[in-house]
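Mind the numbering: the sequence shown is residues 6 to 325 in my numbering, read in order. Backbone N, C-alpha and C fix where the C-beta goes; we use that ideal spot for every residue, glycine too.
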Amino acid sequence: MGVDLASFTSIDTSVSLRSDTSPWSHFRDFWALLKPRVMSLVVFTGFVGMFLAPGELHYVLQTVAIICIAVGAGASGAINMWFDRDIDQIMSRTRGRPIPSGRVNPEAALTFGVVLSGGSIMIMGLAVNWLASFLLASTIAFYIFIYTVWLKRSTPQNIVIGGAAGALPPVIGWAAISGSVSLDPIILFTLIFVWTPPHFWALALYRSDDYEAAGVPMLPITHGPQQTRRQILIYSSILFLVSLLPYLVGMAALTYFIVAGVMGALFLVLAWRVYRFGLVKNCKQLFGFSILYLFVLFSALLADKAIGFPFPLELAKVLY
(Lines of atoms letter the chains of each structure in order from A; the text may use other names.)
(Lines give C-alpha, C1' and ligand atoms only; values in the text may rest on other atoms or scores of the structure.)
Protein backbone atom coordinates (compact mmCIF):
# COMPACT_ATOMS: atom_id res chain seq x y z
CA MET A 6 0.00 0.00 0.00
CA GLY A 7 1.58 3.26 -1.13
CA VAL A 8 1.42 6.66 0.49
CA ASP A 9 1.54 9.83 -1.59
CA LEU A 10 3.80 12.07 0.46
CA ALA A 11 3.05 14.99 -1.83
CA SER A 12 -0.60 14.95 -0.74
CA PHE A 13 0.47 15.48 2.86
CA THR A 14 2.29 18.76 2.33
CA SER A 15 -0.64 21.11 1.85
CA ILE A 16 -0.58 23.92 4.39
CA ASP A 17 -2.79 26.81 5.40
CA THR A 18 -2.10 30.39 4.47
CA SER A 19 -0.75 31.23 7.93
CA VAL A 20 2.60 29.70 7.10
CA SER A 21 4.99 30.23 4.28
CA LEU A 22 4.86 28.03 1.22
CA ARG A 23 7.70 25.67 0.37
CA SER A 24 9.95 26.62 -2.50
CA ASP A 25 10.88 23.05 -3.43
CA THR A 26 8.10 20.56 -4.23
CA SER A 27 10.22 17.77 -5.68
CA PRO A 28 9.73 14.19 -4.45
CA TRP A 29 13.21 14.29 -2.93
CA SER A 30 12.34 17.37 -0.87
CA HIS A 31 9.18 15.64 0.38
CA PHE A 32 11.26 12.63 1.40
CA ARG A 33 13.75 14.83 3.25
CA ASP A 34 10.96 16.57 5.13
CA PHE A 35 9.39 13.34 6.33
CA TRP A 36 12.82 11.96 7.11
CA ALA A 37 13.47 15.04 9.26
CA LEU A 38 10.28 14.28 11.22
CA LEU A 39 11.99 11.12 12.46
CA LYS A 40 14.75 13.15 14.17
CA PRO A 41 17.49 11.09 12.49
CA ARG A 42 20.33 12.33 14.70
CA VAL A 43 18.49 11.29 17.84
CA MET A 44 17.40 8.07 16.14
CA SER A 45 21.01 7.15 15.29
CA LEU A 46 22.05 7.18 18.95
CA VAL A 47 18.95 5.20 19.90
CA VAL A 48 19.74 2.60 17.24
CA PHE A 49 23.35 2.33 18.39
CA THR A 50 22.50 1.78 22.06
CA GLY A 51 19.80 -0.71 21.05
CA PHE A 52 22.33 -2.59 18.93
CA VAL A 53 24.77 -2.74 21.84
CA GLY A 54 22.02 -4.21 24.01
CA MET A 55 21.43 -6.89 21.37
CA PHE A 56 25.13 -7.61 20.94
CA LEU A 57 25.74 -8.07 24.66
CA ALA A 58 22.68 -10.22 25.30
CA PRO A 59 22.97 -13.99 25.73
CA GLY A 60 21.20 -16.11 23.16
CA GLU A 61 20.99 -16.32 19.40
CA LEU A 62 18.75 -14.78 16.80
CA HIS A 63 18.96 -15.11 13.03
CA TYR A 64 20.75 -12.14 11.52
CA VAL A 65 17.69 -11.28 9.45
CA LEU A 66 15.56 -11.07 12.59
CA GLN A 67 18.30 -9.06 14.30
CA THR A 68 18.08 -6.59 11.43
CA VAL A 69 14.30 -6.52 11.76
CA ALA A 70 14.61 -5.79 15.48
CA ILE A 71 17.02 -2.90 14.89
CA ILE A 72 14.78 -1.46 12.18
CA CYS A 73 11.77 -1.68 14.50
CA ILE A 74 13.67 0.14 17.26
CA ALA A 75 14.74 2.81 14.77
CA VAL A 76 11.29 3.24 13.25
CA GLY A 77 9.61 3.27 16.66
CA ALA A 78 12.00 5.95 17.90
CA GLY A 79 11.57 8.01 14.76
CA ALA A 80 7.79 7.67 14.82
CA SER A 81 7.58 8.93 18.39
CA GLY A 82 9.77 11.85 17.31
CA ALA A 83 7.30 12.66 14.53
CA ILE A 84 4.37 12.63 16.95
CA ASN A 85 6.41 14.79 19.33
CA MET A 86 6.93 17.33 16.54
CA TRP A 87 3.21 17.28 15.78
CA PHE A 88 2.28 17.99 19.40
CA ASP A 89 5.02 20.59 19.91
CA ARG A 90 4.41 22.45 16.67
CA ASP A 91 3.18 25.53 18.55
CA ILE A 92 6.30 25.96 20.68
CA ASP A 93 8.59 24.82 17.85
CA GLN A 94 7.40 27.83 15.87
CA ILE A 95 8.52 30.12 18.71
CA MET A 96 11.96 28.66 19.39
CA SER A 97 14.75 29.67 17.02
CA ARG A 98 16.34 26.22 17.34
CA THR A 99 13.23 24.43 16.12
CA ARG A 100 11.24 26.81 13.92
CA GLY A 101 12.96 25.40 10.83
CA ARG A 102 11.48 21.95 11.45
CA PRO A 103 9.10 20.59 8.78
CA ILE A 104 5.80 21.40 10.53
CA PRO A 105 6.36 24.94 11.88
CA SER A 106 8.08 25.95 8.64
CA GLY A 107 5.01 24.80 6.70
CA ARG A 108 6.71 22.07 4.69
CA VAL A 109 4.58 19.26 6.15
CA ASN A 110 0.92 19.36 7.12
CA PRO A 111 0.41 18.63 10.88
CA GLU A 112 -2.24 15.96 10.26
CA ALA A 113 0.06 14.22 7.80
CA ALA A 114 2.87 14.21 10.37
CA LEU A 115 0.56 12.71 13.00
CA THR A 116 -0.68 10.02 10.62
CA PHE A 117 2.89 9.27 9.60
CA GLY A 118 3.97 8.86 13.22
CA VAL A 119 0.99 6.76 14.30
CA VAL A 120 1.27 4.37 11.35
CA LEU A 121 5.00 3.87 11.85
CA SER A 122 4.57 3.41 15.61
CA GLY A 123 1.90 0.76 15.21
CA GLY A 124 3.79 -0.98 12.43
CA SER A 125 7.07 -1.17 14.35
CA ILE A 126 5.34 -2.58 17.45
CA MET A 127 3.42 -5.24 15.53
CA ILE A 128 6.37 -6.34 13.40
CA MET A 129 8.62 -6.55 16.46
CA GLY A 130 6.09 -8.83 18.16
CA LEU A 131 5.35 -11.03 15.15
CA ALA A 132 8.93 -11.38 13.90
CA VAL A 133 11.02 -11.23 17.08
CA ASN A 134 9.16 -11.62 20.40
CA TRP A 135 6.35 -9.95 22.30
CA LEU A 136 8.47 -8.87 25.26
CA ALA A 137 10.59 -6.70 22.97
CA SER A 138 7.38 -5.49 21.32
CA PHE A 139 5.87 -4.59 24.70
CA LEU A 140 9.01 -2.69 25.73
CA LEU A 141 9.03 -0.83 22.41
CA ALA A 142 5.36 0.09 22.82
CA SER A 143 6.00 1.22 26.39
CA THR A 144 8.91 3.38 25.26
CA ILE A 145 6.86 5.06 22.54
CA ALA A 146 3.89 5.60 24.87
CA PHE A 147 6.09 6.97 27.65
CA TYR A 148 7.82 9.41 25.33
CA ILE A 149 4.58 10.67 23.81
CA PHE A 150 2.12 10.72 26.71
CA ILE A 151 4.32 11.02 29.80
CA TYR A 152 7.12 13.22 28.48
CA THR A 153 5.72 15.17 25.51
CA VAL A 154 2.12 15.68 26.59
CA TRP A 155 2.52 15.86 30.37
CA LEU A 156 6.02 16.50 31.74
CA LYS A 157 7.66 18.74 29.17
CA ARG A 158 5.36 21.71 29.76
CA SER A 159 4.58 21.15 33.44
CA THR A 160 7.77 20.51 35.44
CA PRO A 161 11.51 21.29 35.39
CA GLN A 162 12.04 17.58 36.05
CA ASN A 163 10.72 16.90 32.54
CA ILE A 164 13.94 15.53 31.10
CA VAL A 165 14.90 13.73 34.33
CA ILE A 166 11.78 11.56 34.36
CA GLY A 167 11.27 11.68 30.62
CA GLY A 168 14.82 10.43 30.11
CA ALA A 169 13.54 6.93 30.83
CA ALA A 170 12.22 6.72 27.27
CA GLY A 171 15.63 7.40 25.77
CA ALA A 172 17.25 4.92 28.14
CA LEU A 173 15.12 1.92 27.17
CA PRO A 174 16.52 0.98 23.70
CA PRO A 175 19.37 -1.23 25.04
CA VAL A 176 16.79 -3.04 27.18
CA ILE A 177 14.64 -3.57 24.09
CA GLY A 178 17.66 -4.84 22.18
CA TRP A 179 18.57 -7.21 25.00
CA ALA A 180 15.01 -8.55 25.19
CA ALA A 181 14.93 -9.06 21.41
CA ILE A 182 17.81 -11.54 21.66
CA SER A 183 17.31 -13.16 25.06
CA GLY A 184 13.56 -12.91 25.48
CA SER A 185 14.13 -11.64 29.01
CA VAL A 186 15.40 -8.69 31.05
CA SER A 187 18.20 -9.03 33.62
CA LEU A 188 20.55 -6.82 35.64
CA ASP A 189 22.90 -6.08 32.73
CA PRO A 190 20.41 -4.20 30.52
CA ILE A 191 19.09 -2.41 33.62
CA ILE A 192 22.63 -1.08 34.17
CA LEU A 193 22.73 0.15 30.57
CA PHE A 194 19.35 1.79 31.15
CA THR A 195 20.64 3.48 34.31
CA LEU A 196 23.75 4.73 32.53
CA ILE A 197 21.71 6.54 29.86
CA PHE A 198 19.10 7.67 32.38
CA VAL A 199 21.71 9.43 34.55
CA TRP A 200 23.51 10.80 31.47
CA THR A 201 20.39 12.54 30.16
CA PRO A 202 20.02 15.44 32.67
CA PRO A 203 23.54 16.92 32.33
CA HIS A 204 23.34 16.44 28.57
CA PHE A 205 20.08 18.37 28.17
CA TRP A 206 20.67 20.91 30.92
CA ALA A 207 23.90 21.98 29.24
CA LEU A 208 21.82 22.69 26.13
CA ALA A 209 19.12 24.42 28.17
CA LEU A 210 21.65 26.76 29.76
CA TYR A 211 22.73 28.33 26.49
CA ARG A 212 19.26 28.07 24.93
CA SER A 213 17.36 29.34 27.96
CA ASP A 214 15.90 32.33 26.09
CA ASP A 215 14.31 29.95 23.60
CA TYR A 216 12.74 27.80 26.30
CA GLU A 217 11.54 30.82 28.27
CA ALA A 218 9.90 32.36 25.20
CA ALA A 219 8.10 29.07 24.50
CA GLY A 220 7.01 28.65 28.12
CA VAL A 221 8.87 25.38 28.64
CA PRO A 222 9.81 25.11 32.35
CA MET A 223 13.39 23.95 31.96
CA LEU A 224 15.52 24.03 35.11
CA PRO A 225 17.47 27.20 34.18
CA ILE A 226 14.14 29.03 33.84
CA THR A 227 12.49 27.80 37.04
CA HIS A 228 15.50 27.53 39.37
CA GLY A 229 18.10 29.71 37.70
CA PRO A 230 21.47 29.04 36.01
CA GLN A 231 23.40 28.56 39.26
CA GLN A 232 21.16 25.76 40.53
CA THR A 233 21.23 24.16 37.07
CA ARG A 234 25.02 24.20 36.99
CA ARG A 235 25.08 22.62 40.46
CA GLN A 236 22.72 19.87 39.34
CA ILE A 237 24.84 19.22 36.26
CA LEU A 238 27.88 18.67 38.47
CA ILE A 239 25.95 16.39 40.83
CA TYR A 240 24.52 14.25 38.04
CA SER A 241 27.90 14.11 36.29
CA SER A 242 29.47 12.77 39.49
CA ILE A 243 26.76 10.12 39.80
CA LEU A 244 27.25 9.28 36.12
CA PHE A 245 30.95 8.66 36.71
CA LEU A 246 30.13 6.06 39.38
CA VAL A 247 27.33 4.44 37.38
CA SER A 248 29.59 4.15 34.33
CA LEU A 249 31.88 1.82 36.30
CA LEU A 250 29.10 -0.65 37.12
CA PRO A 251 29.49 -2.76 33.95
CA TYR A 252 33.04 -3.55 35.06
CA LEU A 253 32.18 -4.06 38.72
CA VAL A 254 29.43 -6.61 38.00
CA GLY A 255 31.51 -8.52 35.46
CA MET A 256 29.63 -7.28 32.43
CA ALA A 257 32.75 -5.67 30.94
CA ALA A 258 36.50 -6.04 31.32
CA LEU A 259 39.45 -3.82 32.15
CA THR A 260 39.44 -2.16 28.73
CA TYR A 261 35.99 -0.74 29.37
CA PHE A 262 36.95 0.26 32.92
CA ILE A 263 39.87 2.35 31.63
CA VAL A 264 37.79 3.96 28.89
CA ALA A 265 34.95 4.73 31.31
CA GLY A 266 37.40 6.19 33.82
CA VAL A 267 39.11 8.46 31.30
CA MET A 268 35.90 9.59 29.61
CA GLY A 269 34.19 10.07 32.95
CA ALA A 270 37.07 12.21 34.22
CA LEU A 271 36.86 14.40 31.11
CA PHE A 272 33.09 14.67 31.56
CA LEU A 273 33.62 15.79 35.16
CA VAL A 274 36.20 18.38 34.14
CA LEU A 275 33.80 19.90 31.61
CA ALA A 276 30.94 19.77 34.13
CA TRP A 277 33.15 21.53 36.68
CA ARG A 278 33.91 24.27 34.17
CA VAL A 279 30.19 24.74 33.57
CA TYR A 280 29.65 24.94 37.33
CA ARG A 281 32.60 27.24 37.96
CA PHE A 282 32.37 29.61 35.01
CA GLY A 283 28.98 29.02 33.36
CA LEU A 284 30.02 30.51 30.04
CA VAL A 285 28.17 29.65 26.84
CA LYS A 286 31.29 27.99 25.44
CA ASN A 287 31.54 25.78 28.55
CA CYS A 288 27.94 24.63 28.14
CA LYS A 289 28.41 23.95 24.43
CA GLN A 290 31.58 21.96 25.12
CA LEU A 291 29.82 19.78 27.68
CA PHE A 292 26.79 19.26 25.45
CA GLY A 293 28.93 18.22 22.48
CA PHE A 294 31.22 16.01 24.53
CA SER A 295 28.30 14.26 26.23
CA ILE A 296 27.21 12.80 22.90
CA LEU A 297 30.73 11.56 22.17
CA TYR A 298 30.95 10.22 25.72
CA LEU A 299 27.95 7.93 25.36
CA PHE A 300 29.07 6.71 21.95
CA VAL A 301 32.58 5.89 23.20
CA LEU A 302 31.35 4.08 26.32
CA PHE A 303 28.96 1.87 24.38
CA SER A 304 31.65 1.28 21.75
CA ALA A 305 33.96 0.09 24.53
CA LEU A 306 31.31 -2.38 25.65
CA LEU A 307 31.11 -3.66 22.08
CA ALA A 308 34.88 -3.96 21.85
CA ASP A 309 35.07 -5.90 25.11
CA LYS A 310 32.50 -8.41 23.91
CA ALA A 311 33.89 -8.65 20.36
CA ILE A 312 37.52 -9.08 21.38
CA GLY A 313 36.61 -11.34 24.25
CA PHE A 314 38.77 -9.89 26.97
CA PRO A 315 38.18 -11.92 30.14
CA PHE A 316 36.97 -10.24 33.28
CA PRO A 317 40.09 -9.68 35.46
CA LEU A 318 38.80 -11.70 38.44
CA GLU A 319 38.05 -14.68 36.21
CA LEU A 320 41.47 -14.34 34.58
CA ALA A 321 43.10 -14.35 38.02
CA LYS A 322 41.34 -17.62 38.89
CA VAL A 323 42.72 -19.24 35.75
CA LEU A 324 46.28 -17.99 36.30
CA TYR A 325 46.48 -18.81 39.97
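TODO: Closer than 6 Å by C-beta to Pro174: which residues in its own chain qualify, once you throw out the five before and the five after it? Chain order, please.
DONE: Val47, Thr50, Gly51, Ile74
Open item on the list: Measuring straight from C-alpha to C-alpha, what distance separates Val247 and Trp29?
Closed with: 44 Å
TODO: Note down, in chain order, each residue of its chain lying with its Cβ closer than 6 Å to the Cβ of Leu121, except the 5 sequence neighbours on either side.
DONE: Val76, Ala80
- [ ] Please confirm whether Ala137 and Ala83 have their CB atoms less than 8 Å apart.
- [x] no
- [ ] Give the C-beta separation of Ala270 and Leu291 to the nearest angstrom, bearing in mind that I take them to be a contact with Cβ-Cβ under 8 Å.
- [x] Ala270 to Leu291, Cβ: 14 Å. No contact.
- [ ] Using 10 angstroms around the beta-carbon of Met127, count the other beta-carbons present and answer buried if the total reaches 16, otherwise exposed.
- [x] exposed
- [ ] Express the C-alpha separation of Phe272 and Ala58 in angstroms, rounding to a whole number.
- [x] 28 Å
Task: Rounded straight-line distance, which links the Cα of Leu210 to that of Asn134 - done: 41 Å
- [ ] Could you please give the first and the last residue of the uninterrupted alpha helix (DSSP H) stretch that includes His326?
- [x] Residue 326 is absent from the structure shown; the chain starts at 6 and stops at 325.
- [ ] State buried or exposed for Met6, treating a residue as buried only when at least 16 other CB atoms are found within 10 Å of its CB.
- [x] The predicted model places Met6 with a pLDDT of 43, which falls under 50 and marks its position as unreliable, so this point remains unresolved.
- [ ] Using 10 angstroms around the beta-carbon of His204, count the other beta-carbons present and answer buried if the total reaches 16, otherwise exposed.
- [x] buried
Open item on the list: Here's the rule I'm using: 16 or more other beta-carbon atoms within 10 Å means buried, otherwise exposed. How should Asp309 be labelled?
Closed with: buried
- [ ] Identify the continuous alpha helix (DSSP H) that holds Tyr240 and give its terminal residues.
- [x] 229 to 248
Open item on the list: Could you compute how far the alpha carbon of Leu66 sits from the alpha carbon of Ala311?
Closed with: 20 Å
Task: Sequence-distant residues of the same chain with beta carbon closer than 6 Å to Tyr280, five excluded per side - done: Arg234, Leu238
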